[in-house]
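To keep things clear, I will list the structure first and then write my remarks on it.
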Amino acid sequence: DVKVTQSSRYLVKRTGEKVFLECVQDMDHENMFWYRQDPGLGLRLIYFSYDVKMKEKGDIPEGYSVSREKKERFSLILESASTNQTSMYLCASSLRQGKGYFGPGTRLTVT
Amino acid sequence: AQRVTQPEKLLSVFKGAPVELKCNYSYSGSPELFWYVQYSRQRLQLLLRHISRESIKGFTADLNKGETSFHLKKPFAQEEDSAMYYCALSVNNQGGKLIFGQGTELSVKP
């Protein structure tokens with residue numbers, strides 16, 4: 022079974038803090054993704070990585086950056102957290118042009 | 417631009433009634449489409465993909481390229497089908513980037 026794990030299930034941060042969300046997959050997948058999940062808005066792609074050190078902006082990259090130094094790990098960074106970044110963050114991985122496997126999600130609250 | 421649209425935010429039916437969750441897509445290439453489901457307090461998981469042409473938990477979906485649709489259907493809804501359903505498109509000419517629709521919440525009443 023493919024395992025996609027995320028470092029935290031729940032996170033509470035203050036406005037202006039730098040926040041790191043970590044995602045690890047164990048199936049040697051080329052692709053990794055970070056999404057935000059908000060009611061009524063569905064899953065919106067923040068960033069997509071198709072290889073180590075390679076990244077592509079999604080639909081809503083503003084206020085976020087990513088890092089992929091190793092194939093199995095994809096980090097999402099909020100440089101200066103703001104209250105409008107309070108959301109559920111989902112990580113996923115896939116083979117090139119394959120189905121996506123999702124992590125359990127991190128519910129981030131920024132106060 | 418690639419886009420996936422699910423026009424219904426909420427669909428409420430009675431147990432035993434037929435269900436159809438709508439999905440339309442916009443993509444100039446050859447589409448690869450998926451339906452994902454998220455049950456309460458569980459992670460998002462794949463329900464079915466169009467290239468498999470399979471039926472999972474009684475659900476089927478047919479790709480209609482003329483209407484650019486991939487609607488999800490089930491003839492007789494069950495209470496355990498209540499969940500969030502997301503339609504997704506794999507953008508194959510961009511390395512398999514996955515784009516999702518807004519989601520439809522299915523509520524099956526007893």
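If you're matching them up, the sequences are chains H and W in order. Numbered according to my numbering, the first sequence spans residues 22 to 132. Numbered according to my numbering, the second sequence spans residues 417 to 526. Beta carbons: idealized from backbone N, C-alpha and C, even for Gly. As the structure is a prediction and not an experimental result, all values here were calculated from the model.
Checking the DSSP bridge columns, you'll see Lys489 of chain W partnered with W:Glu436, W:Thr476. Sorting H:Leu97, H:Tyr85, H:Met53, H:Pro82 by C-alpha distance to the C-alpha of Leu116 of chain H places H:Met53 at the top. When Cβ-Cβ separations below 8 Å define contact, Ser115 of chain H makes contact with chain W. Per DSSP, Ala417 of chain W lies in no beta strand (DSSP E) and is assigned neither H nor E. Between Arg30 of chain H and Gly482 of chain W, the alpha-carbon positions lie close to 42 Å from each other. As the crow flies, the alpha-carbon of Val87 of chain H is around 10 Å from that of Met75 of chain H. At a cut-off of 8 Å between beta carbons, Lys74 of chain H makes no contact with chain W. Straight across, the Cα-Cα distance linking Arg94 of chain H with Ser498 of chain W is about 33 Å. The C-beta of Phe123 of chain H comes closer than 8 Å to at least one C-beta of chain W. DSSP places Asp59 of chain H in the uninterrupted beta strand (DSSP E) bounded by 52-59.
Exclusion of the five residues before and after Ile467 of chain W leaves Glu448 as the residues of its chain whose Cβ lies within less than 7 Å of its Cβ.
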